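*Asks:*
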Amino acid sequence: MTDLTRRPAPAPPSAVHPAPGPRRRVHRAWYVAAVTFVTIIGAAGFASLPGLLFDPLHDEFGWSRGTVGFAVSVNLGLYGLTAPFAAALMDRFGIRRVVASALTVISLGSALTVVMTEAWQLVLFWGVLVGLGSGSMALAFAATVTDRWFVRRRGLVTGLLTAAGASGQLVFLPLLSWLVEERGWRPAAITVALAALAVVPFVWLLLRDHPADAGLAAYGAEEFTPKPPPAKGAARRAVTVLFDVARTGPFWLLVGTFAICGATTNGLMKTHFVPAAHDHGMAVTAAASLLALVGVFDIIGAVCSGWLTDRYETRRLLAVYYALRGISLMFLPMLLAPDIRPPMIFFIVFYGLDWVATVPPTIALCRQYYGDDSAIVFGWVLASHQVGAAVVAFAGGVARDAFGSYDIVWYASGALCAAAALMALVIRRTPVKAAAP
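Next up, the structure:
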């Protein structure tokens, strides 16, 4: 007879404590972001060298600062004007092919400068070739990777990839400045060429165009999205998107603010800070080290700005960033001296935190207003950034030749930042859709 009062046998341990499932692996999107980060660092040498070339080229060839500034302005202008077409080309041919080709062109242009003897060759090699190559893997590259591989943490990833350029500046500037002073400008140009070329195999082997290539959904996406077919007519699409968004007010406000951003960073500090500091008796290596130090705090500022962009209103963030930048530039002429003093260190920290902090909220506003076309729209906004940089790169050299100092350039740039802060505040709150073609 069965004992009905007997307790049931204890359950096996696996029934009480289920075996733990497999640990969640890091999403492939983070590896793609890491490859993109390293790629941008490897190509950053081209952006670090122009400010170091003014005095050596003037001494060797007798070229004026306005002439060298013109070549740099062509580089910066093409950098920006190529960006929207590069974003469309990435949709057509894939990120890997476009970026690998761009790095090869950068390497070729930088290497050819060592055999130049005429100013037009500087414009062709450094201005045109390096400008086209760098524009093809500009911030539109970071925006495309972020849009394809991430749904969550886009602001943070944008900040990290934006910081990659600053990290490259931190890596290259001290080395390039030492090479220019100790070995001449040609070894520095060859170093930039080799660094860009070294990244090409890395890109080809490790970068992937779309999450579907790895059989994954984007990071944070709820559903798997098949890879879209190649978008034909890349140039036509870039121009069509421009005509569409040109009918909307926010686009022109973003263009205006980002043009001032470029004028007061790449065109001003990256191009003219080293020669301006040298005018006040500071050694080139010391001035280049200060600019590299900007890159340290640039990284912190970009990452923090990405984090803030995920949480706060982007228009107000932009206004604050531009206002603070303008204030710092107004004080710079009083801080330049033969030696490095504490007020200059404070400026470098303050300005560095703000250098590319404008990028994550600007990309977020493009995404907010223009959706699937946001990478191309940001490419056009970036074009204005580089046009602004090109104008100041050229005008700053002309002003130095005409007035014997850069003071007027610093004050004018501070006033421009105040205008950009006001423009950011008047961008409408409610997103608008681009007008239909």
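All the letters of the sequence shown, read from the start, carry residue numbers 0 to 436 under numbering that gives the first Met the number 0. Ideal Cβ placement from N, Cα and C applies to all residues, glycine included. Just so you know, these numbers come straight off a predicted model, no measurement behind them.
In three-state terms, what does DSSP make of Phe242?
*Replies:* Reduced to three states, the DSSP call for Phe242 is helix.
*Asks:* Return yes when the Cβ of Ser327 is within less than 8 Å of the Cβ of Phe349, no when it is not.
*Replies:* Contact flag set, yes.
*Asks:* Per DSSP, what kind of secondary structure is Tyr311 in: helix, strand or coil?
*Replies:* If DSSP states are grouped into helix, strand and coil, Tyr311 belongs with coil.
*Asks:* Given a cut-off of 8 Å, decide if Gly413 and Arg294 are closer than it, judged by their beta-carbon atoms.
*Replies:* Here residue 294 turns out to be Gly, not Arg, going by the sequence shown. No, Cβ-Cβ distance for Gly294 and Gly413 is not below 8 Å.
*Asks:* Is the Cβ-Cβ distance between Leu111 and Leu290 less than 8 Å?
*Replies:* It is not a contact, given that the beta carbons lie outside the stated cut-off.
*Asks:* Bridge partners for Phe149 per DSSP, in chain order?
*Replies:* Tyr218.
*Asks:* Let me confirm a value: Met333 is counted as buried when at least 16 other C-beta atoms fall within 10 Å, else exposed. Which label applies?
*Replies:* Met333 should be labelled exposed.
*Asks:* Give me the residue from Ala87, Tyr218, Phe69, Pro341 with the minimum Cα distance to Val156.
*Replies:* Here the closest residue by C-alpha is Tyr218.
*Asks:* Out of curiosity, what's the CA-to-CA distance linking Gly395 and Thr270?
*Replies:* Approximately 9 Å, taken between the alpha carbons.
*Asks:* What are the complete alpha helix (DSSP H) segments, minimum 4 residues, inside the stretch 354-401?
*Replies:* Qualifying alpha helix (DSSP H) stretches, in chain order: 358-369.
*Asks:* DSSP on Trp62, reduced to helix/strand/coil?
*Replies:* Of the three classes helix, strand and coil, the one that applies to Trp62 here is coil, per DSSP.
*Asks:* On a CA-only basis, which of Val391, Cys303, Leu56, Leu160 is nearest Ala187? Give me that one, please.
*Replies:* Cα-wise, what sits closest to Ala187 is Leu56.
*Asks:* Check whether the stretch 346-366 touches the stretch 298-318, taking contact to mean three or more Cβ pairs, one atom from each stretch, closer than 8 Å.
*Replies:* Yes, the stretch 346-366 is in contact with the stretch 298-318.
*Asks:* Would you kindly check if the distance between the Cβ of Val34 and the Cβ of Leu446 is under 8 Å?
*Replies:* Missing from the structure shown is residue 446; the chain here goes from 0 to 436 and no further.
*Asks:* When the Cα atoms are used, what is the spatial distance from Ala439 to Arg366?
*Replies:* Because the chain is modelled from 0 through 436, residue 439 falls outside the range shown and cannot be assessed.
*Asks:* Beta carbon of Ala32, beta carbon of Val144: below 8 Å?
*Replies:* Yes; because the gap between Cβ atoms is below 8 Å, this pair is in contact.
*Asks:* Of the choices Cys416, Lys226, Gly167, Val425, whose alpha-carbon is the least far from that of Phe92?
*Replies:* For the residues Cys416, Lys226, Gly167, Val425, the minimum Cα distance to Phe92 belongs to Lys226.
*Asks:* Could you give the residue range of the alpha helix (DSSP H) that holds Met422?
*Replies:* Here the alpha helix (DSSP H) through Met422 covers 406-424.
*Asks:* For Trp354, does the count of other Cβ atoms within 10 angstroms reach 16, so buried, or fall short, so exposed?
*Replies:* The residue in question, Trp354, is buried, as its Cβ has 16 or more Cβ neighbours within 10 Å.
*Asks:* Determine, using beta carbons only, whether Ala276 and Leu335 come nearer to each other than 8 Å.
*Replies:* Yes; because the gap between Cβ atoms is below 8 Å, this pair is in contact.
*Asks:* For Ala443, which residues of its own chain have a beta-carbon under 6 Å away from its beta-carbon, when the five flanking residues on both sides are left out?
*Replies:* The shown model of the chain, from 0 to 436, leaves out residue 443, and the question about it has no answer.
*Asks:* Quick check: the Cα distance between Gly65 and Pro229, rounded to an integer number of angstroms?
*Replies:* Straight-line Cα distance between these residues: approximately 43 Å.
*Asks:* Would Trp119 be called buried (16 or more neighbouring beta carbons within 10 Å of its own) or exposed?
*Replies:* Classification of Trp119: exposed, given that the 10 Å Cβ count is below 16.
*Asks:* Give a yes or no on whether the C-beta atoms belonging to Trp437 and Ala70 are separated by under 8 Å.
*Replies:* Nothing can be reported for residue 437: it is not among the residues displayed for the chain, which extend from 0 to 436.
*Asks:* Can you give me the C-alpha to C-alpha distance between Gly68 and Val319, rounded to a whole angstrom?
*Replies:* Computed Cα separation, rounded: 30 Å.
*Asks:* With a threshold of 8 Å on Cβ separation, who are the neighbours of Ala85 within its own chain once the five nearest residues in sequence on each side are excluded?
*Replies:* Only Val97, Ala101, Gly134, Ser135, Met136, Ala137, Ala139, Phe140, Gly378 meet the Cβ criterion.
*Asks:* At what residue ranges does the stretch 274-321 contain a whole run of the beta strand (DSSP E), taking only runs of 3 or more?
*Replies:* Taking only runs of at least 3 residues, no beta strand (DSSP E) segment lies wholly in the stretch 274-321.
*Asks:* In this structure, how does DSSP classify Glu180 when only helix, strand and coil are distinguished?
*Replies:* Looking at Glu180 - three-state DSSP - the assignment turns out to be helix.
*Asks:* Span of the alpha helix (DSSP H) holding Arg27?
*Replies:* Residues 27-41.
*Asks:* What does the Cβ neighbour count give for Phe393, buried or exposed, with the cut at 16 atoms within 10 Å?
*Replies:* So Phe393 counts as buried.
*Asks:* Less than 8 Å between C-beta atoms, sequence neighbours within five positions excluded: which residues of the same chain meet that for Leu175?
*Replies:* Around Leu175: Gly44, Ser47, Leu48, Leu51, Ala187, Thr190, Val191, Ala287.
*Asks:* Would you mind stating whether Gly248 and Gly387 have Cβ atoms separated by less than 8 Å?
*Replies:* Against a cut-off of 8 Å, the Cβ pair of Gly387 and Gly248 comes out as no contact.
*Asks:* Quick one: is Pro274 buried, meaning 16 or more other Cβ sit within 10 Å of its Cβ, or exposed?
*Replies:* Looking at its Cβ environment, which holds 16 or more other Cβ atoms inside 10 Å, Pro274 is buried.
*Asks:* By Cβ distance, which residues of its chain are closer than 6 Å to Val391, with the 5 residues on each side in sequence left out?
*Replies:* Answer for Val391: Ala262, Gly266, Leu267, listed in chain order.
*Asks:* Starting from Leu253 and walking both ways along the alpha helix (DSSP H), at which residues does that stretch end?
*Replies:* Element bounds for Leu253: 248-262.
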